[in-house]
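Residue numbers (the working numbering): 720 to 1009.
The structure appears below as structure tokens.
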Amino acid sequence: MRLVVENAKKRLGDTMALDGTSLSIGDGILGILGRNGAGKSTLLRALSGVYGLDEGTIALDGERIYLQHPAQGAYFLPDDPYYPSGVDLRGLGEFLSCFHDFDKEAFAHYVSLLELPNKKLKDYSKGMRRQAFLAAALSLRSRFLLLDEAFDGLDPLTLRLIGQELSARFNEKQPGILVISSHNVHALFKIADTILLMEKGRTRKLRNVDALLTGLRQVDLLFQGTIRREDIERLGVQPLSFRSSGRRVTFLTRDISSIERIEKVLHPLSLSIQSPDPEELLGLLAEDER
């Protein structure tokens, strides 16, 4: 399969949600990273035929996709999917089988794997509801699957399990295209074959990401007064990114040994060093690619 997007433009109100987006991919898993409002959901809606473009084209294996003309066998799982009022887990499978090529045995397998109770979806937590719909998406005999914010609300163990199942579902032996949008850098990097960063309606392919992330740490500090980037740099610390909010400072660095100088000279009230969170990584990736 091959998905080709050329100069896609879509305006939503006063916002240019897609501003000349282009991409070309074959079989495999495509991850689209971006902050909220970057255009990820709009792109997936356009790929699924839910939205029509103002300009540009989208084609799957040469067949155009446009408003109310989705790709054959495609399935789009939005961030807040619809389900009939009062439906339980078993009823969700029955509902989807009315509209899609749905494997009920596979659904039962994934439900068991995720240990989901058969009760009304409205009584589920957000994370459990997300798991139920991901189980359903994995049970569709679809070669073109679109998942919007697929990992939102999932705990780390479930996230790893879902990632493994998605990787097994879309591989060389089972050709097809899976497009996942998220702002979770770590999760996408584990399963995607190709990663695109989306910002202000445009996408670009990330390069040298493994090298960029090697040894990277996030430093969070709290001071009595305001601290600027220059105050940190004067001590020989070279932040790869820097964010200040009142008395709180966050930056990314690989040189953890230099943190001792900050403690001795600037006397922070608190200091923590940890793996970068997804939002900090997204900011760094955006800066690095400019």
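Here a beta-carbon is modelled for each residue, glycine too, at the ideal position from N, C-alpha and C.
This structure is a prediction, so every number in the text was calculated from the model and none was measured.
Problem - Whether Leu-1004 touches Leu-959 by CB criterion (7 Å) - result: No, these two residues do not count as a Cβ contact at 7 Å.
Exercise for the section: Label Arg-953 either buried or exposed according to how many other C-beta atoms from any shown protein chain fall within 10 Å of its C-beta, with 16 as the threshold for buried. Expected result: It counts as exposed.
Handout entry: Endpoints, beta strand (DSSP E) assigned at Ala-793
Key = According to the DSSP assignment, Ala-793 belongs to the beta strand (DSSP E) that extends over 793-796.
Problem - Beta-carbon gap between Ala-778 and Met-917 smaller than 7 Å - result: Contact flag unset, no.
Exercise for the section: Express the C-alpha separation of Glu-782 and Ser-741 in angstroms, rounding to a whole number. Expected result: Straight-line Cα distance between these residues: approximately 16 Å.
Exercise for the section: Using beta-carbon positions only, say whether Asp-746 and Pro-987 come within less than 7 Å of one another. Expected result: Cβ atoms of Asp-746 and Pro-987: not closer than 7 Å.
Handout entry: Selected residue, minimal CA-CA separation from Pro-797, among Gly-846, Asp-842, Asp-867 and Lys-823
Key = Taking each of Gly-846, Asp-842, Asp-867 and Lys-823 in turn and checking the Cα distance to Pro-797, the smallest one comes out for Asp-867.
Problem - C-alpha gap between Ala-855 and Ile-981, whole angstroms - result: Looking at the two C-alpha atoms, the distance is approximately 51 Å.
Exercise for the section: Determine the closest residue to Ile-910 out of Leu-885, Thr-922 and Leu-762, with distance taken between C-alpha atoms. Expected result: Distance check between Ile-910 and each of Leu-885, Thr-922 and Leu-762 places Leu-885 closest, using alpha-carbon atoms only.
Practice task
Counting only the same chain and skipping the five closest in sequence on each side, list residues whose C-beta sits under 7 Å from that of Gly-846.
Solution key: Cβ within range, chain order: Gly-872, Leu-873 and Asp-874.
Exercise for the section: Tell me whether Arg-1009 sits in a helix, a strand or coil according to DSSP, three-state version. Expected result: Residue confidence is low: Arg-1009 scores 48 on pLDDT, short of 50, so the model does not pin down where it sits. Its coordinate-derived value is still stated next. Of the three classes helix, strand and coil, the one that applies to Arg-1009 here is coil, per DSSP.
Exercise for the section: Tell me Tyr-785's beta-bridge partners as DSSP assigns them. Expected result: In the DSSP assignment, Tyr-785 is bridged to His-788.
Exercise for the section: Going by CA-CA distance only, name the one from Ile-951, Thr-969, Ser-964 and Phe-961 that's closest to Glu-979. Expected result: Ranking Ile-951, Thr-969, Ser-964 and Phe-961 by Cα distance to Glu-979 puts Ile-951 first.
Handout entry: Cutoff 6 Å; reference Val-898; Cβ partners in own chain excluding five residues on either side
Key = A distance below 6 Å between beta-carbons, with the five flanking residues on each side excluded, links Val-898 to the following residues of its chain, in chain order: Leu-749 and Leu-865.
Handout entry: Start-to-end residues for the beta strand (DSSP E) that takes in Asp-867
Key = That run of the beta strand (DSSP E) goes 863-867.
Problem - Residues near Gln-937 by beta carbon distance below 6 Å, same chain, minus five either side - result: Here the set comprises Leu-971, Gln-993, Pro-995 and Glu-999.
Problem - 7 Å Cβ cutoff met for Ser-861 and Ile-751 - result: No, they are not a contact pair.
Handout entry: Cα-Cα separation between Ile-896 and Arg-948, rounded to whole angstroms
Key = Whole-angstrom Cα-Cα distance: 43 Å.
Practice task
Determine the burial state of Arg-1009: buried for a count of at least 16 other Cβ atoms within 10 Å of its Cβ, exposed for fewer.
Solution key: Legend: pLDDT at Arg-1009 = 48, less than 50; position of this residue unreliable, value from coordinates given subsequently. Exposed, since its Cβ has fewer than 16 Cβ neighbours within 10 Å.
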